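In my numbering, the protein residues as written are 8 to 140.
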């Protein structure tokens, strides 16, 4: 079973909704492809950033579950968004979505602004790395 250590040095600002560093020992790595708000038929669901974030996170967790993993196994998640200002404005709601779907185990995270994503109408995409037993 992998052992995770979530490291938040006192010299850095306290993290909110992420962990500064995650170490993992043992287990196997799972690399999760970028997920947007596509439904099972491959159509992007309409909606605002929180709506699309919820679906993208659900899709990421679904892919992870198919490997036998859970959200607690996530060591790293990268969020790509076409509107960083909107992402920041919706942070409280996005945090509630994360807690409901993924719990309170925060991976190391980054949010990256992108001009556009593969699915042109997508507002957000998530990818990740997990460590499973």
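For glycine and all other residues, C-beta sits at the position ideal for the given N, C-alpha and C. Source: prediction; values computed, not measured.
Leaving out the 5 sequence neighbours to the left and right, which residues in its chain are closer than 6 angstroms to residue i when beta-carbon positions are compared?
i: residue 86; result: 118 and 133
i: residue 31; result: 9, 11, 82 and 138
i: residue 107; result: none
i: residue 112; result: 79
Between residue i and residue j, how many whole angstroms is the CB-CB distance? I'm expecting something under 8 angstroms.
i: residue 24; j: residue 102; result: 5 angstroms
i: residue 127; j: residue 57; result: Not quite, the Cβ-Cβ distance comes to about 20 angstroms (not below 8 angstroms), so this is no contact.
i: residue 130; j: residue 88; result: 6 angstroms
i: residue 115; j: residue 28; result: 6 angstroms
Taking the alpha carbon of residue i as the reference point, which residue from the options has its own alpha carbon closest?
i: residue 152; options: 112, 31 and 60; result: Residue coverage of the chain in this structure runs from 8 to 140, which leaves residue 152 outside it and unanswerable.
i: residue 63; options: 137, 29, 27 and 104; result: 104
i: residue 139; options: 53, 26, 74 and 66; result: 74
i: residue 110; options: 65, 123, 124 and 91; result: 65
i: residue 35; options: 76, 107, 108 and 28; result: 76
i: residue 47; options: 69, 15 and 54; result: 69
i: residue 136; options: 98, 67 and 97; result: 67
Near residue i, what residues of its chain come up, given a Cβ to Cβ distance below 7 angstroms and the 5 sequence neighbours on each side ignored?
i: residue 51; result: 43, 44, 45, 126, 128 and 129
i: residue 93; result: 56
i: residue 124; result: 43, 87, 89 and 132
i: residue 72; result: none
Just to confirm my understanding: we take residue i, look at its own chain, exclude 5 residues before and 5 after, and list those with CB closer than 8 angstroms. What are they?
i: residue 122; result: 89
Would the stretch 69-82 and the stretch 21-40 be scored as touching if the rule is three or more Cβ pairs under 8 angstroms? They touch, by the three-pair rule.
What are the start and end residues of each continuous beta strand (DSSP E) run of 3 or more residues lying completely inside the stretch 55-130, in chain order? Runs of the beta strand (DSSP E) inside the stretch 55-130: 81-88 and 115-120.
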